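Peer 1: With the first letter of the sequence shown counted as 1, position 3 gets the number 3 in the UniProt record's numbering; the numbers rise by one all the way through.
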Amino acid sequence: MDLSKMTVSINKAINTQEAAVKEKHARTCILGTHHERGAQTFWAAVNRLPLSSNAVLCWKFCHVFHKLLRDGHPNVLKDSLRYKNELIDMSRMWGHLSDGYGQLCSIYLKLLNTKMDFHTKNPRFPGNLQMTDRQLDEAGENDVNNL
Numbered sequence: 001m002d003l004s005k006m007t008v009s010i011n012k013a014i015n016t017q018e019a020a021v022k023e024k025h026a027r028t029c030i031l032g033t034h035h036e037r038g039a040q041t042f043w044a045a046v047n048r049l050p051l052s053s054n055a056v057l058c059w060k061f062c063h064v065f066h067k068l069l070r071d072g073h074p075n076v077l078k079d080s081l082r083y084k085n086e087l088i089d090m091s092r093m094w095g096h097l098s099d100g101y102g103q104l105c106s107i108y109l110k111l112l113n114t115k116m117d118f119h120t121k122n123p124r125f126p127g128n129l130q131m132t133d134r135q136l137d138e139a140g141e142n143d144v145n146n147l
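1. Please identify the residue among 13, 90, 124, 135 whose C-alpha is closest to the C-alpha of residue 112.
2. Do residue 45 and residue 7 have their beta-carbon atoms positioned less than 8 angstroms apart in this structure?
3. Compute the distance between the beta-carbons of residue 64 and residue 39, then report whether it is under 8 angstroms.
4. Which whole-angstrom value describes the C-beta separation of residue 32 and residue 71, a residue pair presumed to lie in contact below a C-beta threshold of 8 angstroms?
5. Would you decide whether residue 53 is buried or exposed? Buried here means 16 or more other CB atoms lie within 10 Å of its CB.
6. If distances are taken between C-alpha atoms only, which option among 27, 103, 85, 36 comes closest to residue 66?
7. When the distance is taken between beta carbons, is residue 62 closer than 8 angstroms to residue 105?
8. Please report the straight-line C-alpha distance between residue 16 and residue 35, rounded to a whole angstrom.
9. Is it right to say residue 79 is buried, meaning 16 or more other beta carbons lie within 10 angstroms of its own, or is it exposed?
10. Kindly give me the distance between the Cβ atoms of residue 108 and residue 59, rounded to whole angstroms, as I take these residues to be in contact under 8 angstroms.
11. Please indicate yes or no: does the CB of residue 10 lie closer than 7 angstroms to some heavy atom of the ligand SAH?
12. From 37, 92, 141, pick the residue whose C-alpha is nearest to that of residue 73; which is it?
13. Using only CA atoms, which one of 85, 83, 136, 69 lies nearest to residue 119?
14. When you compare only the Cα positions, how much space is there between residue 21 and residue 101?
15. So which of 110, 139, 57, 86 has the shortest CA-CA distance to residue 19?
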């Protein structure tokens with residue numbers, strides 16, 4: 001996959017229009033992380049966006065980032081941990097605003113940080129949290145008290 005195509009899809013998915021993210025752009029972002037085995041291109045594109053100045057843009061970022069954590073390459077988590085403090089700061093900033101998407105962005109960013117913490121502490125759980133009973137037993141070391 002061409003990285004410029006992924007950058008275009010990121011910019012088309014994360015925009016200021018108050019409409020749902022198009023699945024084809026989100027899917028291209030997900031496939032791009034598998035192609036490059038991480039989220040470097042995603043973060044390079046996102047770091048140029050004014051996420052702190054537009055709530056719709058921030059909300060769409062959260063939505064796409066959540067999809068990448070869930071269905072993207074496993075290295076998306078590792079690549080994203082370096083931006084954790086920025087996400088926490090952005091959550092605080094949006095939390096001070098009471099109108100529109102501000103509170104929603106704050107809560108969504110907190111959820112994404114919690115998800116990153118969970119997967120860092122529990123690396124056996126995949127991003128989409130789908131596990132077979134056997135995998136779940138292994139994660140709990142075959143002890144019902146560990147689940």
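Glycine is no exception: its CB is placed at the ideal position from the N, C-alpha and C atoms.
Note that the structure is a prediction, hence the values are computed from the model and not measured.
Peer 2: The relevant details are as follows:
1. By 1-based counting over the sequence shown, the position of residue 112 is 112. Among 13, 90, 124, 135, the Cα nearest to that of residue 112 is on 90.
2. By 1-based counting over the sequence shown, the position of residue 7 is 7. By 1-based counting over the sequence shown, the position of residue 45 is 45. When the beta-carbon positions are compared, residue 7 and residue 45 come within less than 8 angstroms of each other.
3. Stepping through the sequence shown from its first residue, residue 64 is reached at position 64. Stepping through the sequence shown from its first residue, residue 39 is reached at position 39. It is not a contact, given that the beta carbons lie outside the stated cut-off.
4. For the purposes of this step, residue 32 is identified with residue 32 of the sequence shown, where counting begins at 1. For the purposes of this step, residue 71 is identified with residue 71 of the sequence shown, where counting begins at 1. About 12 angstroms separates the beta carbons of residue 32 and residue 71, which is beyond the 8 angstroms limit, so they are not a contact pair.
5. Position 53 of the sequence shown, counting from 1, holds the residue named residue 53. Flag for residue 53 reads exposed.
6. Counting from 1 along the sequence shown, the entry for residue 66 is found at position 66. Looking at the Cα atoms, 27 is the closest of the given residues.
7. Within the sequence shown, residue 105 is the residue found at index 105, counting from 1. Within the sequence shown, residue 62 is the residue found at index 62, counting from 1. Against a cut-off of 8 angstroms, the Cβ pair of residue 62 and residue 105 comes out as a contact.
8. Start at 1 with the first residue of the sequence shown, and residue 16 comes out as number 16. Start at 1 with the first residue of the sequence shown, and residue 35 comes out as number 35. Approximately 27 angstroms, taken between the alpha carbons.
9. Numbered from 1 along the sequence shown, position 79 holds the residue referred to as residue 79. With 16 or more Cβ atoms within 10 Å of its Cβ, residue 79 is classed as buried.
10. Taking the first residue of the sequence shown as 1, we reach residue 108 at position 108. Taking the first residue of the sequence shown as 1, we reach residue 59 at position 59. The Cβ separation is near 7 angstroms, so the contact holds.
11. Judged by which ligands are present, the structure shown has none, so any question about the ligand SAH falls away.
12. Here the question's residue 73 lines up with position 73 in the sequence shown. Of 37, 92, 141, the smallest CA-CA separation from residue 73 is found for 37.
13. As a working mapping, residue 119 is identified with position 119 in the sequence shown. Just measuring C-alpha positions, the residue of 85, 83, 136, 69 sitting nearest residue 119 is 69.
14. On the sequence shown, position 21 is the one that residue 21 refers to. On the sequence shown, position 101 is the one that residue 101 refers to. When only Cα atoms are considered, residue 21 and residue 101 end up about 16 angstroms apart.
15. Reading the sequence shown from its first residue, position 19 is the one you call residue 19. Of 110, 139, 57, 86, the residue nearest in Cα terms is 57.
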